[in-house]
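Numbering (our numbering), first residue to last: 9 to 557.
Notes for the one structure printed next.
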Amino acid sequence: MAQVTRSAQGWSLRPPPPALERRYLESGLWIDATLGQFVDERLQANAGLELRIWSKTRPWRGTIGDVRALARRVAGGLAACGVGPDDVVAFQLPNWMEAAAVFYGASLLGAVLVPIVHFYGAKEVRYILGHTRARLLVTAASFRQSDYLAALRGFRGELPELRTVAVVGGDAPPGTISFERLLDAEPLAAPVRVDPRTPAVVGFTSGTTSDPKGVIHTHHTIVGETRQLADMQSGRALPLLVGAPVGHAIGMLSGLLVPLCQGKAIHLIDVWDVPTILAAMLEANLSCGSGATYFLTSLLDAPGFGPEHLKRMTTIGLGGAPVPAAVADRAEALGIAIARSYGSTEHPSTTGARHDEPAAKRKYTDGHALAGVELRLVDEEGREVPRGQPGEITSRGPDRFVGYTDPSLTDGVLDADGWYASGDIGVLDADGYLTITDRKKDIIIRGGENVSAAEVEEVLMRMPGVAEVAVVAAPDARLGEHACACVRMQPGRALPELAAVQRHFAAAGLAKQKWPEELVGVDDFPRTPSGKIKKFVLRGEIRARASKS
9 MAQVTRSAQG
19 WSLRPPPPAL
29 ERRYLESGLW
39 IDATLGQFVD
49 ERLQANAGLE
59 LRIWSKTRPW
69 RGTIGDVRAL
79 ARRVAGGLAA
89 CGVGPDDVVA
99 FQLPNWMEAA
109 AVFYGASLLG
119 AVLVPIVHFY
129 GAKEVRYILG
139 HTRARLLVTA
149 ASFRQSDYLA
159 ALRGFRGELP
169 ELRTVAVVGG
179 DAPPGTISFE
189 RLLDAEPLAA
199 PVRVDPRTPA
209 VVGFTSGTTS
219 DPKGVIHTHH
229 TIVGETRQLA
239 DMQSGRALPL
249 LVGAPVGHAI
259 GMLSGLLVPL
269 CQGKAIHLID
279 VWDVPTILAA
289 MLEANLSCGS
299 GATYFLTSLL
309 DAPGFGPEHL
319 KRMTTIGLGG
329 APVPAAVADR
339 AEALGIAIAR
349 SYGSTEHPST
359 TGARHDEPAA
369 KRKYTDGHAL
379 AGVELRLVDE
389 EGREVPRGQP
399 GEITSRGPDR
409 FVGYTDPSLT
419 DGVLDADGWY
429 ASGDIGVLDA
439 DGYLTITDRK
449 KDIIIRGGEN
459 VSAAEVEEVL
469 MRMPGVAEVA
479 VVAAPDARLG
489 EHACACVRMQ
499 PGRALPELAA
509 VQRHFAAAGL
519 AKQKWPEELV
529 GVDDFPRTPS
539 GKIKKFVLRG
549 EIRARASKS
């Protein structure tokens, strides 16, 4: 029987078995510190280093010490609003200074952080705030095409537990306060100590469900992940300019946490604007291009990219989306050493490789198990498969999550021995290097962001004339994958134009990243004897067609 505990928020947690917990503590993979204590120690140690926001909307330049001072005031302001340890604080902000101050400040207070990706729409945000029973939200007034306050007005009345909304970058309408009000309070004197086995961060990710899944990380697991990832990337010489949103696990880790471990300056950009990035790399002597494949290829393909940029990109880590071999070969031919990795919001650093490992392993596999991580590849009956044979990847380690906010989802992926069933299919070679070959999970990984096929299908089925839909991942030269909707129409109805489908998704309130980018009309689907659509057949057909085009 799995060990189950109950959090202060009422969530069912599945920590590792006691023997594994002891192993992680005794080996130093876990430390006896809260996220707030860990962050504060590292902020102080790096106080003199630069923290800079590259933005045409809210540029900012100061030091990590300056942001620590702001974070202590944010923590005091949160407390003055009635937020205490274990209360939930959500924020939906682009990569701005305020996002860093809120993240660090809420952690100092011992609150549970819920970062929300800045491009999420009303549907996702309403679900996340309601599902976590957030006490306080910090949001931008607007950013680019998003009017966050207008969206919030449409559903705030459905969220009785959301007591306070603080607004960044605009007037605070009635019922909200300005972000500056949070800064008026007395600074928090010292980090609040909470039990490091309790929730620290809940990251929301799309997956096999139509609503985003809340992935719960404790202080132990998120600090363990930060230290593990920082160690794996220790060969990087220059600070990294991070464009992945800090509302997502990749941006949060690479932008706000790992640099503190490595003693590096923090540089964030709120819009992936390639000319600005190329100029910033030279002005501030920065590296860039790590993360999802798109971040690298968009730079390599850009006018103005040259040798002066290449010499700042000698080592690049790729993950979070499929990495085509052609991209790895192209980068290596330019003198960029590629190292691939594999993980998820649930188990962020499962496998990886260092840049001094054999080139073929770095380029063409997704790395080996990292410190403290165990891998088992199993068949459909849960039996371990031999090396060289495909199987579902199951893993456990010091950075593995402790459950979803919806316990019914947890039951399907965590077992009594602490193994996480990823839903991804891979092969282990004789040297223990993993290669992802397919997935059981019904998701599309677009530029490092998970897109739930089920969510896209649910919205598309509401279009007039649509009889049946199967959404699968299609190869994408820029983003790794995009959503391809295979649609069977009702008799006598024509397949709609892609533009009409996208207008339908905009009206439904879904983030643009989730809209189908390709439509395929079918008379019928390949099916199992029980009538289930064989999505692996559709994926294979779409990949084959893409390879010929």
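The beta carbon of each residue, even a glycine, is placed where N, CA and C say it ideally should be.
The structure displayed is predicted, hence computed values, not measured ones.
Anticipated Cβ contact below 8 angstroms, residue i with residue j, distance rounded
i, j, result
"Leu-422", "Tyr-428", "6 angstroms"
"His-225", "Ala-252", "Wrong, their Cβ atoms sit about 17 angstroms apart, outside the cutoff."
"Gly-327", "Gly-351", "7 angstroms"
"Pro-571", "Arg-551", "Because the chain here runs from 9 to 557, residue 571 falls outside it and cannot be looked at."
"Leu-246", "Leu-294", "6 angstroms"
"Phe-187", "Ile-136", "Contact flag wrong, Cβ pair sits at about 20 angstroms."
"Glu-340", "Lys-371", "6 angstroms"
"Pro-524", "Ala-475", "Contact doesn't hold; Cβ gap of about 16 angstroms is too wide."
"Val-2", "Phe-409", "Residue numbering for the chain in the displayed model covers 9 to 557; residue 2 lies beyond these limits and cannot be assessed."
"Ser-214", "Glu-463", "6 angstroms"
"Tyr-112", "Arg-76", "7 angstroms"
"Leu-264", "Leu-196", "Actually they are not in contact, since the Cβ atoms of Leu-264 and Leu-196 sit about 18 angstroms apart, beyond 8 angstroms."
"Trp-62", "Gly-232", "Going by Cβ atoms, the distance from Trp-62 to Gly-232 rounds to 30 angstroms, so no, they are not a contact pair."
Paired residues, beta bridge with residue i - DSSP
i, result
"Ala-482", "His-490"
"Ala-1", "Any answer about residue 1 is impossible in this case: the structure gives the chain only from 9 up to 557."
"Asn-458", "Ile-453"
"Trp-62", "Ile-277"
"Trp-523", "None; Trp-523 has no bridge partner."
"Lys-221", "Thr-213"
"Gly-70", "Leu-59"
"Asp-155", "Ser-150"
"Glu-132", "None; Glu-132 has no bridge partner."
"Pro-123", "Phe-99"
"Leu-248", "Ser-295"
"Arg-14", "Ser-20"
"Tyr-302", "Answer by DSSP bridge pairing: none, since Tyr-302 is not bridged."
"His-376", "Gly-360, Tyr-441"
"Pro-207", "Thr-226"
"Arg-496", "Glu-476"
"Thr-402", "Arg-384, Ala-429"
"Ala-345", "Thr-323"
Distance between residue j and residue i (C-alpha atoms, nearest Å)
i, j, result
"Gly-177", "Thr-305", "32 angstroms"
"Gly-529", "Gly-380", "47 angstroms"
"Pro-537", "Glu-392", "With a pLDDT of 48 at Pro-537, under the threshold of 50, the modelled position of this residue cannot be trusted; read the value that follows with caution. The straight-line gap from Cα to Cα measures roughly 27 angstroms."
"Asp-40", "Pro-204", "7 angstroms"
"Pro-220", "Ala-16", "22 angstroms"
"Leu-121", "Ile-277", "21 angstroms"
"His-227", "Pro-102", "24 angstroms"
"Thr-359", "Ala-367", "16 angstroms"
"Met-289", "Gly-426", "42 angstroms"
"Pro-534", "Arg-66", "51 angstroms"
"Leu-249", "Ile-346", "17 angstroms"
"Leu-417", "His-363", "36 angstroms"
"Ala-114", "Arg-338", "42 angstroms"
"Val-282", "Met-471", "36 angstroms"
"Asp-95", "Pro-499", "53 angstroms"
"Trp-68", "Leu-385", "47 angstroms"
"Met-469", "Arg-81", "48 angstroms"
"Ser-349", "Leu-33", "25 angstroms"
"Gly-18", "Pro-123", "19 angstroms"
"Leu-261", "Met-497", "43 angstroms"
"Ile-285", "Gln-11", "47 angstroms"
"Thr-147", "Gln-241", "32 angstroms"
"Gly-243", "Gly-162", "48 angstroms"
"Phe-151", "Pro-25", "44 angstroms"
"Arg-501", "Ala-508", "14 angstroms"
"Gly-118", "Ala-98", "13 angstroms"
"Ala-461", "Ala-198", "44 angstroms"
"Asp-407", "Ala-180", "38 angstroms"
"His-512", "Leu-160", "21 angstroms"
"Trp-104", "Gly-473", "43 angstroms"
"Gly-440", "Ala-485", "29 angstroms"
"Val-210", "His-376", "27 angstroms"
"Pro-182", "Ala-107", "23 angstroms"
Residue-level contact to chain B via CB, residue i, 8 angstroms cutoff
i, result
"Thr-13", "Going by chain labels, chain B is absent from the structure shown, which holds only one protein chain."
Query raised in the report: Below 8 angstroms, can you find three or more Cβ-Cβ pairs linking the segment 70-85 to the segment 155-171?
Result: The segment 70-85 makes no contact with the segment 155-171, as fewer than three CB pairs between them are under 8 angstroms.
Query raised in the report: Between the segment 295-303 and the segment 266-274, are three or more C-beta pairs nearer than 8 angstroms?
Result: Touching, no.
Query - Stretch pair the segment 42-52 + the segment 250-259: three plus CB contacts closer than 8 angstroms - result: Taking 8 angstroms as the limit for Cβ pairs, the verdict is that the segment 250-259 does not touch the segment 42-52.
Report task. Flag this pair as touching only if the segment 348-355 and the segment 311-318 have three or more C-beta atom pairs under 8 angstroms; answer yes or no. Result -> Counting C-beta pairs closer than 8 angstroms gives fewer than three between the segment 348-355 and the segment 311-318, which falls short of the contact rule.
Query - Runs of beta strand (DSSP E) lying entirely within the segment 74-116, each at least 3 residues, in chain order - result: Complete beta strand (DSSP E) runs here, min 3: 96-100.
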